[in-house]
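Residue numbering for the sequence shown follows our numbering, starting at -8 and increasing by one per position. C-beta atoms are modelled at their ideal positions from N, C-alpha and C, and glycine is treated no differently. Contents: one structure, followed by commentary.
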Amino acid sequence: MGKRQHQKDKLYLTTTEWSTIYGGRRPNATRQAEGSEFKRLPFDHCALSLQPFEHPLCTPEGIIYDIMNIVPFIKKYGIDPASGKPIDAKKLIRLNFAKNADGKYHCPVLYKVFNENTHIVAIKTTGNVFSYDAVDQLNLRAKNFKDLLTDEPFTRQDIITLQDPSDLEKFNLSRFHHLKHNLKVIDPEEERMKSDPKYTLRKMNAETRTILDTLDKEYKPPAEKTEKVVKKADKFNAAHYSTGAVAASFTSTVMEVATAHEPAVLADDVVRYSMVKKKGYVQLQTTHGTSTSSCTAMRCPKRARTSWDSARRVTTTTRSSIGPYATS
């Protein structure tokens, strides 16, 4: 064991360790080099939408697209999305992929399931897709230039390579023209569908579909809340302290932003009772005579107000006069 072998060990991560080993932000040159790295597109995916195709078409170079994606793109831009070269929609070739009982693409002659290492070709005149082994053994070596399914004649130039395991450059996503320049076709129908919450649910079982259908029928959106009317302070009910909205908005993200201090609004009872400065009197006239009583309203204004309200409820012939309440 050598001496001082751990003298460079530190109790923290250095900048070099963080940027090169532990996933930190790397220099621009390094990130640009990573952006040019090979990123493969599966053979059964559309080169435009990057999703599995349903109605495949291919270019004369063997790049596969879905008809629902490539036709609107060519109408708008007039170029091949992958290469960026001008292209006419009439040059696209409809492909006929065969599937086995498991729903996987395979060669209809050799019944070999296609994968990322299969050499796949298509016949331009018919659009039928085979493995290269089948075409090589039954067409090229036998010099039988007829489609293996339809017997339609073709030439050697009509053989289009869809996937060659030894040359996968056309599947490199980092070189696709439409990804480099962010070329997209906005579909109004798709934009409308995106507003539906179910748009992002690619697959769902029967139970989930039943629950969502029931929710659509029974769910009622909450009633719209009416905006709360904010009462402004005037010269009578303005408090000597603020509402605290500025401090609350500064310390909490839930509160609305407030940048100006506003005085708080005092309650009506607080304003009313603060104006009581005199005694209160109540005069009750009955068939037996007149009864007059007084109370120290300036000391207990709430008690005086209660007495006044009680006197009004006793009889309709009450005439009351409680100091400042006579004008309220």
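Please confirm whether any heavy atom of the ligand ADP lies closer than 8 Å to the CB of A125. Of the ligands one can find in the structure shown there are none, so the ligand ADP has no counterpart to examine.
How long is the line joining the alpha carbons of W9 and L41, rounded to whole angstroms? Spanning the two alpha carbons is a distance of roughly 33 Å.
Might you give, ordered along the chain, the residues of its own chain that have their beta carbon closer than 6 Å to the beta carbon of R304, omitting 5 neighbours on each side? Excluding positions up to five away in sequence, the list is empty.
At the level of alpha carbons, what is the spacing between L206 and R200? 10 Å
Work out the CA separation of L153 and T109 for me, nearest whole Å. 10 Å
Leaving out five residues before and five after L139 in sequence, what residues of the same chain have Cβ atoms less than 8 Å from its Cβ? P99, V100, N119, F121, A125, V126, L129 and N130
Where the beta strand (DSSP E) containing S284 begins and where it ends: G280 to C286
Could you tell me the alpha carbon to alpha carbon distance between K339 and K208, rounded to whole angstroms? The shown model of the chain, from -8 to 319, leaves out residue 339, and the question about it has no answer.
If you draw a straight line from the alpha carbon of A113 to that of R31, how long is it in whole angstroms? 21 Å
Every unbroken beta strand (DSSP E) within the stretch 189 to 261, with a cutoff of 3 residues, ordered by chain: 229 to 233 and 254 to 256
What three-state label does DSSP hand P156 in the structure shown? It is coil, neither helix nor strand.
How would you write the range of the beta strand (DSSP E) that P63 sits in, first residue to last? P63 -> not in any beta strand (DSSP E); alpha helix (DSSP H) instead, spanning I58 to Y68.
Is A73 near F167, with beta carbons less than 9 Å apart? yes
Bounding residues of the beta strand (DSSP E) (the contiguous stretch that carries L131): No beta strand (DSSP E) contains L131, which DSSP labels as neither H nor E.
In terms of alpha-carbon separation, which member of K189, P213, T117 and P212 lies closest to I202? K189
Residues near A345 by beta carbon distance below 6 Å, same chain, minus five either side: Shown here, the chain extends from -8 to 319; a query on residue 345 therefore has no answer.
Please confirm if the stretch 44 to 55 is in contact with the stretch 176 to 183, defined as three or more CB-CB distances below 8 Å between the two stretches. no
Kindly say whether A258, judged by its beta-carbon, lies nearer than 9 Å to any beta-carbon of chain B. The structure shown has no chain B; it contains just one protein chain.
Under a Cβ-count criterion, where at least 16 other Cβ atoms within 10 Å of its own Cβ denotes burial, should S319 be classed as buried or exposed? Reliability of the predicted coordinates at S319 is poor, the pLDDT of 37 falling under 50, and the value obtained from them is presented with this limitation in mind. The residue in question, S319, is exposed, as its Cβ has fewer than 16 Cβ neighbours within 10 Å.
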